[in-house]
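Data first, discussion second: the structure below is written as C-alpha cells.
Numbering (our numbering), first residue to last: 1 to 296.
Here it is, written out as C-alpha cells:
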C-alpha cells in the first residue's frame, strides 16, 4: 500500500555517518563528503547496492570500502564514454546509408512520401523530424529554409539533425524490403538484425547520454541475436542475457564494418581488464577472451 514519503534530507556528515553505521569502511571522512557532495548519495547508491548483504538492513559485506564504490563508479563512467565513442561512429554511418539509399531508390524527399513507410507511424515520425529540423541552428538547415519551398530539406540534410532514436524508427518503418536490405547489406547483415540492433543501440546511447549506469544493469530492450552457425557472431553472443555484454559484441562487429582499422576494440579490452569487480555482472562469459570477436 502506498504511503506518504517521510524521509528527511541528510547533511553530508549524516550521509557519511549512515554509511559507516552500515559497516562501510571510510578512511577519509572529508574525501567521502567531497564525492557525496559532487556525485550525489543516491547516484552512488546504485553502485554500492552490489556490496550490500541484503536489501532490508542495507548492511555492507565485511571489508567494503567507500573507495571500492568510487572505483566502480569511475570505471563505469569511462566505460560509458568509450561506448559513446563507438555509437557515434556507427550512428553517423547509419545516417549516411539511410539517406543514400532512400535518395537513390526513392528520391531526394523520400521521407515526405507516406507510401514508402508504415502509415501508422509515418506522420508521428515526420512531426518529430520537423521539430528536430526546426530547432536546429545549423547553417545548412537555415540556408535551405530560406532558399527552397519544400517543407523539409532532402534526406541527406535531415539525417544530419535527427536523433539516433528517430533514425531507428525511420529505418524500422520503411515498407520496401529491398530498401531496407540495401542499407543492411552495407554492414553484411539482414535487415531484421539491423532494425533490432538500432533500436537497442538507441536505448544504450540514451542511457549513456543521461550518465546512467551500464555496469550490472539489465536492459529492457534487448537485441535479436545471430544464432545460425553459417553467420558471423553466432558463437560470440550469450543467450538469454539482458546485460551489456551482447551490446559490446554488436559494437565490435559494427566498428569492424564502419572503421576496419579501428583501435576501439583494444581500448575496450584494456578498460575491461581494469574492471574492479566481476565481469559476470555485465554478462561476460568465462571464456569471453577466446571468442572470435575479441581476437581482432
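Cβ coordinates follow ideal geometry from the N, Cα and C atoms, glycine included.
Exercise. In the DSSP assignment, find the unbroken alpha helix (DSSP H) run with residue 230 in it and report its ends.
Key: The sequence position of residue 230 within the chain shown is 230, counting from 1. Per DSSP, residue 230 belongs to no alpha helix (DSSP H) and is neither H nor E.
Practice problem: Enumerate, from N- to C-terminal direction, the unbroken beta strand (DSSP E) stretches of 3 or more residues contained entirely within the segment 120-153. | Solution: none
Quiz item: Is residue 195 closer than 9 Å to residue 180 when the C-beta atoms are compared?
Solution: By 1-based counting over the chain shown, the position of residue 180 is 180. By 1-based counting over the chain shown, the position of residue 195 is 195. Going by C-beta atoms, residue 180 is nearer than 9 Å to residue 195.
Exercise. Ignoring anything shorter than 4 residues or poking outside the segment 21-72, list the alpha helix (DSSP H) runs there in chain order.
Key: 29-39 and 41-48
Self-check item: Rounded Cβ spacing between residue 168 and residue 202 (contact assumed at less than 8 Å)
Solution: Reading the chain shown from its first residue, position 168 is the one you call residue 168. Reading the chain shown from its first residue, position 202 is the one you call residue 202. Sure, about 5 Å apart at Cβ, within 8 Å.
Quiz item: Would residue 110 be called buried (16 or more neighbouring beta carbons within 10 Å of its own) or exposed?
Solution: Start at 1 with the first residue of the chain shown, and residue 110 comes out as number 110. Buried, because 16 or more other Cβ atoms sit within 10 Å of the Cβ of residue 110.
Quiz item: In terms of DSSP beta bridges, what is residue 117 paired with?
Solution: The residue labelled residue 117 in the question sits at position 117 within the chain shown. Bridge partners of residue 117: 174.
Quiz prompt | C-alpha distance - residue 265 paired with residue 296, whole-angstrom precision | solution = Sequence index remark: in the chain shown, residue 265 carries index 265 (1-based). Sequence index remark: in the chain shown, residue 296 carries index 296 (1-based). C-alpha separation (whole angstroms): 8 Å.
Quiz item: Per DSSP, what kind of secondary structure is residue 93 in: helix, strand or coil?
Solution: Working through the chain shown from its first residue, we reach residue 93 at position 93. Helix.
Exercise. Write down every uninterrupted run of the beta strand (DSSP E) in the segment 175-240 whose length is 3 residues or greater and which is fully enclosed by it, in chain order.
Key: none
Quiz item: Is residue 157 closer than 9 Å to residue 141 when the C-beta atoms are compared?
Solution: The residue you call residue 141 lines up with position 141 of the chain shown. The residue you call residue 157 lines up with position 157 of the chain shown. Yes, these two residues count as a Cβ contact at 9 Å.
Quiz item: Can you tell me whether DSSP reads residue 257 as helix, strand or coil?
Solution: Within the chain shown, numbered from 1, the residue matching residue 257 stands at position 257. It is helical.
Practice problem: Tell me where the alpha helix (DSSP H) around residue 158 begins and ends. | Solution: Translated into positions along the chain shown, residue 158 becomes position 158. It spans 155-158 - the alpha helix (DSSP H) in which residue 158 sits, taken as one unbroken run.
Quiz prompt | residue 293, enclosing alpha helix (DSSP H) - first and last residue | solution = Here residue 293 is taken as the residue at index 293 of the chain shown, counted from 1. Segment: none, residue 293 is in no alpha helix (DSSP H) and carries neither H nor E.
Quiz item: Just curious, the alpha helix (DSSP H) that residue 267 is in, first and last residue?
Solution: On the chain shown, position 267 is the one that residue 267 refers to. 264-272 is the span of the alpha helix (DSSP H), which, as asked, contains residue 267.
Practice problem: Check each candidate in 175, 164 and 287 and name the one with the smallest Cα separation from residue 200. | Solution: Against the chain shown, residue 200 aligns to sequence position 200. Per the Cα distances, 164.
Self-check item: Close beta carbons around residue 171, own chain, < 8 Å, minus the five adjacent residues each side
Solution: Position 171 of the chain shown, counting from 1, holds the residue named residue 171. Cβ within range, chain order: 94, 98, 180, 183, 194, 195 and 198.
Self-check item: Cα-Cα separation, residue 108 to residue 133
Solution: Counted from its first residue, the chain shown places residue 108 at position 108. Counted from its first residue, the chain shown places residue 133 at position 133. When rounded, the distance between both Cα atoms is 16 Å.
Quiz prompt | Whole-angstrom distance between residue 48 and residue 59, CA atom to CA atom | solution = Taking the chain shown and counting its residues from 1, one reaches residue 59 at position 59. Taking the chain shown and counting its residues from 1, one reaches residue 48 at position 48. Near 10 Å, if we compare the C-alpha coordinates of residue 48 and residue 59.
Self-check item: the segment 221-241 / the segment 67-74 touching (three or more Cβ pairs under 8 Å)
Solution: no
Quiz item: Taking the alpha-carbon positions, what's the residue 229 to residue 14 distance?
Solution: The count along the chain shown starts at 1 and reaches residue 229 at position 229. The count along the chain shown starts at 1 and reaches residue 14 at position 14. Rounded to the nearest angstrom, the two C-alpha atoms are 57 Å apart.
Quiz prompt | Other residues of its chain near residue 292: CB distance less than 7 Å, five sequence neighbours each side excluded | solution = If you number the chain shown from 1, residue 292 lands on position 292. Only 235 and 236 meet the Cβ criterion.
Practice problem: Measure the alpha-carbon distance for residue 205 versus residue 83 and round it to whole angstroms. | Solution: To locate residue 205, count along the chain shown from 1; it is residue 205. To locate residue 83, count along the chain shown from 1; it is residue 83. Cα-Cα distance, rounded: 8 Å.
Quiz item: Taking the alpha-carbon positions, what's the residue 126 to residue 148 distance?
Solution: One-based indexing of the chain shown puts residue 126 at position 126. One-based indexing of the chain shown puts residue 148 at position 148. Each residue's Cα considered, the two are about 18 Å apart.
Quiz item: Going by other Cβ atoms of all chains shown within 10 Å of its Cβ, with 16 needed for buried, is residue 121 buried or exposed?
Solution: For the purposes of this step, residue 121 is taken as residue 121 along the chain shown, with counting starting at 1. Its Cβ having fewer than 16 others within 10 Å, residue 121 is exposed.
Practice problem: Look at the Cβ atom of residue 65, then the Cβ atom of residue 30, and state whether they are nearer than 9 Å. | Solution: One-based indexing of the chain shown puts residue 65 at position 65. One-based indexing of the chain shown puts residue 30 at position 30. Not closer than 9 Å, so no.
Exercise. Go ahead and pull the three-state DSSP assignment for residue 282.
Key: The residue labelled residue 282 in the question sits at position 282 within the chain shown. Here residue 282 sits in helix by DSSP.
Self-check item: Cβ-based neighbour list, residue 221, same chain, cut-off 7 Å, excluding 5 preceding and 5 following
Solution: As a first step, residue 221 must be located in the chain shown, where it is residue number 221. Closer than 7 Å at the Cβ level, and outside the excluded window around residue 221, lie 199, 200 and 203.
Quiz item: Shorter than 9 Å from the beta carbon of residue 114 to some beta carbon of chain C?
Solution: The chain inventory of the structure shown lacks chain C, comprising one protein chain alone.
Practice problem: Apply the 10 Å Cβ neighbour rule to residue 118 and answer buried if 16 or more other Cβ atoms are within range, or exposed otherwise. | Solution: One-based indexing of the chain shown puts residue 118 at position 118. So residue 118 ends up on the exposed side.
Practice problem: Using a threshold of 9 Å, state whether the C-beta atoms of residue 247 and residue 284 are closer than that. | Solution: Stepping through the chain shown from its first residue, residue 247 is reached at position 247. Stepping through the chain shown from its first residue, residue 284 is reached at position 284. No, the pair does not count as a contact, with Cβ atoms beyond the cut-off.
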